[in-house]
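Q: What follows is a structure written as structure tokens; I'll ask about it next.
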Amino acid sequence: MRIDVLTLFPEMFESPMSFSILKRAKDSGVVEIVLTNIRDFSKDKHKKVDDRPYGGGPGMVMMCQPVFDCFKHVAEQSKEKGRIILLTPQGKPFTQKLAAELANEKRIILISGHYEGFDERIRTGLAAEQISIGDYVLSGGELAAMVIIDTVARLLPGALGDEYSAQDETFSESAGGGSTSLTAGGLEYPQYTRPEVFRDMKVPDILLSGHHAEIEKWRHRQSLERTRQIRPDLLKE
Ligand code: ADE
């Protein structure tokens, strides 16, 4: 999969992409991430990329020209059109389901804005969909783009080694292969590893019992109970 990012701050992406699963996915060619600096396409002599909003109001708005020219340059680098995504708090919510959908694409193009927002003609002119990673306002779309890259990349075939599993975990709808799964759409059950006792806190006996069917039932109950207490909205869904 190819992921393009149009951003004013490509350097922000370096560290998160240099570790762990994302690094491995990149190094092994599972994902190709191409960063392009929007500012390089500004035709303004001061390399301006934003301006004051028509009609007044606070903040600055990302201008059309640098974004359209940057987009044209990026789009031409591959025959694959890809899904064009603007990162904005006005977008549709990013969920595990949407991540799985994006992981099926051959290419996605993420456009990160800074300042107060984008000139509306960027969204309409590029026919971009808008995605938000949550109901809060970041100072720019870069962190949102990184969240999407990380979540999508680990779902790509070959991205996770044997020691990891994307299946049997919180929010995974395909855990165990369907609606009977332990965590389908809910929170994950509690996990433990060695030692059996740490500062008087003991691993639940059931997990040491070797009774796999009973362990599954216990995990299912724990998962349900956690979800009921912390995220009842997920059960309603
Ligand atoms: N840019 C600023 N806030 C954002 C958010 N919550 N999601 C996506 N992009 C953003």
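Residue numbers are given in the working numbering: position 67 of the sequence shown equals residue 150, and the series is strictly consecutive.
Backbone N, C-alpha and C fix where the C-beta goes; we use that ideal spot for every residue, glycine too.
Keep in mind the model is a prediction, meaning the values are calculated, not measured.
#1: By Cβ distance, which residues of its chain are closer than 6 Å to Glu71, with the 5 residues on each side in sequence left out?
#2: Can you tell which of Lys164, Glu159, Pro93, Asp202 has the C-alpha that lies nearest to the C-alpha of Cys147?
#3: Drop a sphere of 10 angstroms on the beta-carbon of Met229, count the other beta-carbons inside from all chains shown, and report buried for 16 or more, exposed for fewer.
#4: Can you tell me whether Phe254 is buried or exposed? The criterion is at least 16 other CB atoms within 10 Å of its CB, across all chains shown.
#5: Flag this pair as touching only if the segment 176 to 191 and the segment 211 to 223 have three or more C-beta atom pairs under 8 Å; answer yes or no.
#6: Pull up the CB-CB distance for Val117 and Arg85, whole angstroms please, since I reckon it's below 8 Å.
#7: Note down the Cα distance separating Lys155 from Lys164, rounded to an integer number of angstroms.
#8: What are the boundary residues of the beta strand (DSSP E) that includes Gly174?
#9: On the DSSP letters alone, give me the boundaries of the beta strand (DSSP E) that Leu193 sits inside.
#10: Checking 7 Å against the spacing of the C-beta atoms, do Val235 and Ala158 come in under that value?
#11: Where do the N-terminal and C-terminal ends of the beta strand (DSSP E) with Ser215 fall, by residue?
#12: Taking 6 Å as the cut-off, does the CB of Leu181 come closer than this to any heavy atom belonging to the ligand ADE?
#13: If you drop the 5 nearest sequence neighbours on each side, which residues of the same chain put their C-beta closer than 7 Å to that of Leu209?
#14: Which stretch, first to last residue, makes up the alpha helix (DSSP H) that contains Arg304?
#15: With 16 other CB atoms within 10 Å as the buried threshold, where does Pro149 fall?
#16: Can you tell me where the alpha helix (DSSP H) holding Val150 begins and where it ends?
#17: Using CA atoms only, rank isn't needed, just tell me which of Pro240, Pro141, Gly196 is closest to Ser111.
#18: Answer yes or no: do Glu225 and Thr310 have a C-beta to C-beta separation smaller than 7 Å?
#19: Exposed or buried, Phe102, counting other C-beta atoms within 10 Å across all chains shown (16 or more means buried)?
#20: Classify Ala258 as buried or exposed, calling it buried when 16 or more other Cβ atoms lie within 10 Å of its own Cβ.
#21: Using the Cβ count rule (16 or more neighbours within 10 Å means buried), how would you classify Ala296?
#22: Verify whether the separation of the beta carbon atoms of Ala108 and Ala227 is less than 7 Å.
A: A quick look at the data gives this:
#1: Within the shown structure, residues of the chain are numbered from 84 to 320, placing residue 71 beyond reach of any answer.
#2: Asp202
#3: Buried, because 16 or more other Cβ atoms sit within 10 Å of the Cβ of Met229.
#4: buried
#5: Flag = yes, the segment 176 to 191 and the segment 211 to 223 touch.
#6: 7 Å
#7: 11 Å
#8: 166 to 176
#9: 190 to 195
#10: no
#11: 212 to 215
#12: no
#13: Phe154, Ile167
#14: 295 to 313
#15: buried
#16: 147 to 158
#17: Pro240
#18: no
#19: exposed
#20: Because Ala258 carries a pLDDT of 36, less than 50, the predicted location of this residue cannot be relied on, and the following value inherits that uncertainty. Burial call: buried.
#21: exposed
#22: no
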